[in-house]
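Engineer: This is the structure I want to talk about, given as structure tokens.
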Amino acid sequence: MSEPLLQAINLQCERDGRELFRDLSFSILPATVTRVEGANGSGKTTLLRILAGLSNAWAGDLLWCGEQRARVRESFLRNVLYLGHRPGIKPLLSPLENLRALMAGRRPMGDKALTQALARTGLAGYEQVPCRHLSAGQQRRVALARLLVADEPLWLLDEVFTSIDASGVAAIENLLQERAAEGGAVVFTTHHNVQIAGTKRLVLTPGAVGYDD
Amino acid sequence: MAFDSFGAFLAMEGHGPYVWASYGVFFVLMAVLMVGSYRRRNAVLQSCRQPAGSRSSRAPEPDSDTAPAAAASFTRVDVSQD
Amino acid sequence: MWQFFHKLGSPKWFYGIAARLMPWLLVLGLLCLGAGLVWGLAFAPKDYLQGNSYRIIFIHVPSAFLAQSVYIMMASAAVVTLVWRMKLADVFVKAAAPVGLVLTFISLFTGAVWGKPTWGTWWIWDARLTSMLILLFLYGGVIALDRAINDEKSAARAVAILVLVGVVNIPIIKYSVDWWNTLHQPATFKLTEKPSMPAEMWVPLLLSVIGLYLLFGWLACLRMQTEILIREQRTRWVQDLFHVNGGAR
Amino acid sequence: MMIKPLDQAVGSIDAMKAVFARDMKVAFRQRQDLLNPLLFFMMVVTLFPLGVSPEISFLQEAGAGILWVAALLSVLLSLDHLFRHDFDDGTLEQLVLQPQPLFLLVLAKTMAHWVLTGLPLVLLTPVLGVMVHLDGNSIAILCLTLLIGTPVLSLIGAIGAALTLGLRSAGVLLSLLIIPLYIPVLIFGTGTVAAAAEGAPVGAYLALLGAFLVLALTLAPFASAAALKVSLSNS
């Protein structure tokens, strides 16, 4: 049994005077895929933002590799890849420029690898086109290209399948499954019907939380 | 007493209007602030005193999640009923 | 020590203590302020230079003094909010800011009215008045930001950052306004600068300062109680306060 | 195969350079936006001769103040965009999540903002200085004060921009929060020019402005970074 990457202990979250969840405890182990489930407004996005370190609206303990996350902020951030609702793509820059800028603060890499990553998301030939001329699905693919070069052990993916076509969704399913086989951990939310073998479920319902292993 | 009469006290040798205007504004604003804060607290106390169920801003009780507020059906609404 | 600190941060504990303190604060505050003002208005001797208009000092100085110290108090509370995340600290900031705004306004208004018989005009860009005007803007900004953010915790932290940025700036603003003042109008007659004040003047002044402080304490407690009730109305201890017809759990 | 937690990160200076370069690139893709603060600057300056008096003596006396106020307002106007676009398209989230000290990245962004708005204003000042009949020496001093002062405006303004991010009517609120904090810079900026016009030595005043800049450089990025985290948490 390997050490958990991320551990949540008695996590509680209240937003705008409404309690989304409480006493939520779980561990994210390496080589696992976890799907966060719940109805609209149940706090899936908020939970992922809390795990990523974007939201302060929580109480409880979050441990990264056994240490309080706040104490190891930078090393934690280096190890986590978060993709949110908003893809983080500048409409005025080309896919390649966007990718370069996104990687710069973490792990700069040559254009060759990035171009290849873009090509594998189906954006070959679009490298130099400003992203505002791309469709929503194509912009999403630019953001997803990071997954093809990412070395972060933990991926937090919030609604990444939005506006991706069916074949794209299937390819991403594969990617996540392979990532888990390599030993990476993936936590994701989606309203798509996604089938990844061995997926753990973390269900958020108001007042009660189930986590099945 | 620094003044000979009550009239002299009010007049303050011609500076009365300035002095009394300043004090007036001071007392009025402080009174508004104090009475306003006091009333507001009492209003809040009153609303806390009301039975729990009658307050609309409350979040659903934890034990009510077995019956969520009617699952969405997305059936069309008959607009001719009014 | 930590136990005490923790207790201090508990809204429930504070609510009880405030309820016990408030009558004292109110009575003593009114007594001190009343004594100071009656003494200052009716019994203190006339100022040989400014005549009776100087009697405005007994409200101008306490409100100006308090307006500035309230901002400092808010800044201290802001540090506590940011470092220890103590709930009561941001309750205090929220409760105190409007009071500070009113006090600043009073000191500006009384300063302007005092200026008329002294300088012959309602407003002079005097260093102190200008600094107070900027303080009014700072208070306005704090309140506006607090109102604009819906989420309570975010509002508390954002306001705390703003108050701290403001408090770093206050000495700089004061210094630069003083410098600007000497640049543009050297040697104006300062309203409150006295070489030596006889005891019949400064004792009532001190009394009214103390009185206003106590009244501020009462106001702060009252407004903090209000805020605590609003925030905690769903918690057990608030429900228990009222034993509602058996309905409260 | 196992994936081990990583610890090596990119140097912070490289990360700052990348942030700076990206902001410059985005700005130059939309060049007309760069002109807006400059146009605004010129228009505000134009209002004074029209609204008050075109007399040379008035303009000479008030010119430095007019230019300073106009520069201050145009910086204020441009601040709303400092984080807004990044916030809307999600790049701000990714910026905050970079494994770097956030205040350094914010500093890089603020520097880019200054290069794109403050610096052009300084460069435009001699032209407008001539139009309000300032003499050569005053114009030189004015440019110098603006050169030291506008970065302070950007740095302090970034705090306000970060605090009001994502709020309704953020623009007006931003002005309310920030203008009081701009007053010392304005006073010493114009005061230095006034002192120079009277023939007084200005070295001490410039040093003081420089001290403001150092203070703002060391403290403001921390406040902006803290404010950004709060605003993002609230979104």
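Residue numbers (my numbering), protein chains in the order written: chain A, 2 to 214; chain B, 61 to 142; chain C, 96 to 344; chain D, 246 to 480.
Even glycine gets a Cβ: it sits at the ideal position worked out from N, Cα and C.
If you follow the beta strand (DSSP E) that D1(A) is in, where does it begin and where does it stop?
Structural biologist: Outside the displayed range of chain A (2 to 214) lies residue 1(A), so it cannot be described from this structure.
Engineer: State yes or no: is the C-beta of Q13(A) within less than 9 Å of the C-beta of A53(A)?
Structural biologist: no
Engineer: Could you name the residues of chain C that A62(B) contacts, counting a contact when the two beta carbons are closer than 7 Å?
Structural biologist: Correct list: A137, F138, A139, P140 and K141.
Engineer: Flag G195(C) as yes if its beta-carbon sits less than 9 Å from any beta-carbon of chain D, otherwise no.
Structural biologist: no
Engineer: Which residue or residues does DSSP assign as beta-bridge partners of E15(A)?
Structural biologist: Answer by DSSP bridge pairing, in chain order: E20(A).
Engineer: If you follow the alpha helix (DSSP H) that K354(D) is part of, which residue opens it and which one closes it?
Structural biologist: L347 to H358
Engineer: May I have a chain-ordered list of the alpha helix (DSSP H) segments no shorter than 4 residues that lie completely inside the segment 295-332 of chain D?
Structural biologist: 301-324
Engineer: Since I believe A222(C) is in contact with N264(C) (beta carbons under 8 Å), could you give me their beta-carbon distance rounded to a whole number of angstroms?
Structural biologist: Incorrect: roughly 16 Å between the Cβ atoms, too far for contact.
Engineer: With DSSP as the reference, label R50(A) as helix, strand or coil.
Structural biologist: helix
Engineer: By alpha-carbon positions, which one of D325(D), I401(D) and M287(D) ends up nearest to V314(D)?
Structural biologist: M287(D)
Engineer: Residues of chain A with CB under 8 Å from K248(C), in chain order?
Structural biologist: Result: N57 and A58.
Engineer: For a contact meaning CB atoms closer than 8 Å, what does L324(C) contact in chain B?
Structural biologist: Under the 8 Å cutoff, chain B gives R101, V104, L105 and C108.
Engineer: Classify P344(D): buried if its beta carbon has 16 or more other beta carbons within 10 angstroms, exposed otherwise.
Structural biologist: buried
Engineer: For W313(C), tell me which candidate among G74(B), V79(B) and Y98(B) has the shortest Cα-Cα distance.
Structural biologist: Y98(B)
Engineer: For A442(D), which residues from the same chain have a beta carbon less than 7 Å from its beta carbon, with the 5 sequence-adjacent residues on both sides left out?
Structural biologist: So the list reads S383, once near-sequence residues are dropped.
Engineer: Out of curiosity, what's the CA-to-CA distance linking Y110(C) and W332(C)?
Structural biologist: Pairing Y110(C) with W332(C), the inter-Cα distance amounts to about 11 Å.
Engineer: In or out: G448(D) buried (at least 16 other Cβ within 10 Å) or exposed?
Structural biologist: exposed
Engineer: Could you name the residues of the segment 264-279 of chain D whose beta carbon sits closer than 7 Å to any beta carbon of chain A, in the order they occur along the chain?
Structural biologist: R267, K270, V271, R274 and Q275
Engineer: Quick one: give me the first and last residue of the alpha helix (DSSP H) that A468(D) is part of.
Structural biologist: G448 to N479
Engineer: Can you tell me whether R136(B) is helix, strand or coil according to DSSP?
Structural biologist: Correct three-state label for R136(B): coil.
Engineer: So, is C70(A) buried or exposed, given that buried needs 16 or more other C-beta atoms within 10 angstroms?
Structural biologist: The amino acid at residue 70(A) is misidentified as Cys; the sequence shows Arg. Under this definition R70(A) is a buried residue.
Engineer: By a C-beta neighbour count over all protein chains shown, 10 Å radius and 16 as the cutoff for buried, is E338(D) buried or exposed?
Structural biologist: buried
Engineer: Anything in chain A within Cβ reach of N245(C), meaning under 8 Å, just list it in chain order.
Structural biologist: D17
Engineer: Could you tell me which uninterrupted alpha helix (DSSP H) segments, each at least 4 residues in length, are contained entirely in the segment 374-422 of chain D, listed from first to last along the chain?
Structural biologist: 381-408
Engineer: Going along the segment 83-94 of chain B in order, which residues come within less than 7 Å of chain C, judged by CB to CB distance?
Structural biologist: Cβ contacts with chain C come from Y83, V85, F86, L89, L93 and M94.
Engineer: On the DSSP letters alone, give me the boundaries of the alpha helix (DSSP H) that D268(D) sits inside.
Structural biologist: S257 to R274
Engineer: Less than 6 Å between C-beta atoms, sequence neighbours within five positions excluded: which residues of the same chain meet that for P371(D)?
Structural biologist: I384
Engineer: Could you check whether the Cβ of Q163(C) sits closer than 9 Å to any Cβ belonging to chain B?
Structural biologist: With 9 Å as the cut-off, Q163(C) does not count as an interface residue toward chain B.
Engineer: Can you list the residues of chain B that P212(C) reaches, using a CB-CB cut of under 7 Å?
Structural biologist: H75 and Y78
Engineer: Check whether the Cβ of P466(D) lies closer than 9 Å to any Cβ atom in chain A.
Structural biologist: no
Engineer: With distances taken from CA atoms, which of V139(B), A91(B), L105(B) and Y78(B) is nearest L151(C)?
Structural biologist: Note that residue 151(C) corresponds to Ile in the displayed sequence, not to Leu. Of the candidates V139(B), A91(B), L105(B) and Y78(B), the residue whose Cα lies closest to the Cα of I151(C) is Y78(B).
Engineer: Leaving out five residues on either side along the sequence, give the residues of the same chain with a beta carbon under 8 Å from the beta carbon of P131(A).
Structural biologist: P92, L93, L94 and S95
Engineer: Are the beta-carbon atoms belonging to G434(D) and G394(D) less than 9 Å from one another?
Structural biologist: yes
Engineer: Please report the Cβ distance between L389(D) and L366(D), rounded to the nearest whole angstrom; I am assuming they are in contact, meaning their Cβ atoms lie under 8 Å.
Structural biologist: Contact flag wrong, Cβ pair sits at about 13 Å.
Engineer: Taking the alpha-carbon of M117(C) as reference, which of A239(C), L317(C) and E327(C) has the nearest alpha-carbon?
Structural biologist: L317(C)
Engineer: Using the beta-carbon of each residue, which ones in chain D are nearer than 8 Å to E98(A)?
Structural biologist: Within chain D, the residues near E98(A) are R267 and K270.
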